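Peer 1: Structure below; questions to follow.
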Amino acid sequence: MLKPMGLLPKLRTGNGGAGAAAAPAHANGENLRPSNGLKEFLGHLGMPDNARVLDLGPVSQATVDFFTGQRYRIYSEDLLRAWQDFLAAELAALMAAGVGEKKEAERPAPSERASRFLDAQLDYPEESFHGVLAWDLIDYLPPELVQLLVARLHRLVRPGGAALAIFHNRIPERFHRYRVLNAAAVEYLPCAAPVPYGRVLPNREILNLFSKFRSSKSFVGRDQIREVLFTR
């Protein structure tokens with residue numbers, strides 16, 4: 000059963016509440032990156048008092064403060080960390096049940112495992128959000144989960160809304176957390192990766208993955224990191 004909108008979980012509030020001005024975030028200049036994708040993303044959110052944003056990256060207080068300061072409602076899901084925890088819990092349960100690594104036939108199929116994870120982690124009503132921040136997590140997730148995730152995002156985003164994703168053109172040296180500092184800049188903070196890097200996705204494969212979205216727009220920076228905005 001779909002949850003009523005009033006019961007959406009994991010709503011984040013800023014330090015000053017939804018109506019307060021966002022506190023300025025202090026950034027390290029070398030990690031600061033202009034973001035044309037973010038500017039376009041914000042244009043798809045509509046009137047702030049009604050707009051809901053889903054952030055799939057590690058929780059960032061700076062990001063929460065920015066969106067709540069602009070009177071948006073933001074919901075956070077640290078999807079990579081949740082996936083790691085899900086796999087660890089599943090492995091522990093299998094070992095407890097006597098299903099070891101050698102009994103592959105008794106282990107859940109990858110697609111079935113991915114579906115159960117998304118049903119538990121992204122259990123929101125359809126068209127719940129005006130925008131989704133996917134960051135670069137698609138580069139880190141296994142193919143069977145990526146396909147189901149993109150299909151789930153298409154259902155969660157309202158018509159006219161958008162999903163913003165980041166793709167690497169080469170294997171990154173470090174994993175990064177992303178902090179939204181203002182309407183046109185994002186800070187990239189290096190940190191330990193919760194899961195190993197997956198693979199570099201060719202542009203054609205990216206467009207095929209998001210083919211149900213109405214349109215896409217790409218922004219490539221000097222560092223060859225590509226921001227892509229997918230409009231529902």
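For what it's worth, numbering that gives the first Met the number 0 labels the leading residue of the sequence shown as 0, then goes sequentially.
Ideal placement from N, C-alpha and C gives every residue a C-beta, glycine not left out.
Please read these numbers as outputs of a predicted model, since none were measured by experiment.
(1) So, at 6 Å on beta carbons, what are the nonlocal neighbours of residue 126 in its own chain, with the 5 sequence-adjacent residues on each side left out?
(2) Output yes or no for whether 9 Å exceeds the beta carbon distance between residue 195 and residue 175.
(3) Go through the region 57–107 residue by residue and report every complete run of the alpha helix (DSSP H) that reaches 4 residues or more, in order.
(4) What is the rounded straight-line gap between the Cα of residue 211 and the Cα of residue 71?
(5) Between residue 231 and the rest of its own chain, which residues show a CB-CB distance below 8 Å, the 5 nearest in sequence each way excluded?
(6) Shortest alpha-carbon distance to residue 80 belongs to which of 149, 221, 120 and 202?
(7) When we look at the beta-carbon of residue 59 and count the other beta-carbons within 10 Å, is it buried (16 or more) or exposed?
(8) Which residues mark the beginning and the end of the beta strand (DSSP E) in which residue 53 is found?
(9) Based on Cα-Cα distance, which residue from 145, 52, 136 and 225 lies nearest to residue 207?
(10) Compute the Euclidean distance between the alpha carbons of residue 44 and residue 52, then round it to the nearest angstrom.
(11) Taking the straight line between their C-alpha atoms, what separation do you get for residue 203 and residue 41?
(12) Judging by CA-CA distance, which residue of 63, 78, 129 and 57 is the nearest neighbour of residue 46?
(13) How long is the line joining the alpha carbons of residue 170 and residue 78, rounded to whole angstroms?
Peer 2: Considering the structure as presented:
(1) 157
(2) The Cβ atoms of residue 195 and residue 175 lie no closer than 9 Å to each other.
(3) 60–68 and 78–95
(4) 26 Å
(5) 153, 156, 157, 158, 159, 160, 161, 162, 212 and 213
(6) 120
(7) buried
(8) Under the DSSP assignment, residue 53 falls in the beta strand (DSSP E) whose first and last residues are 51–54.
(9) 145
(10) Here the alpha carbons of residue 52 and residue 44 stand approximately 8 Å from one another.
(11) The alpha-carbon atoms of residue 203 and residue 41 are separated by roughly 26 Å.
(12) 129
(13) 20 Å
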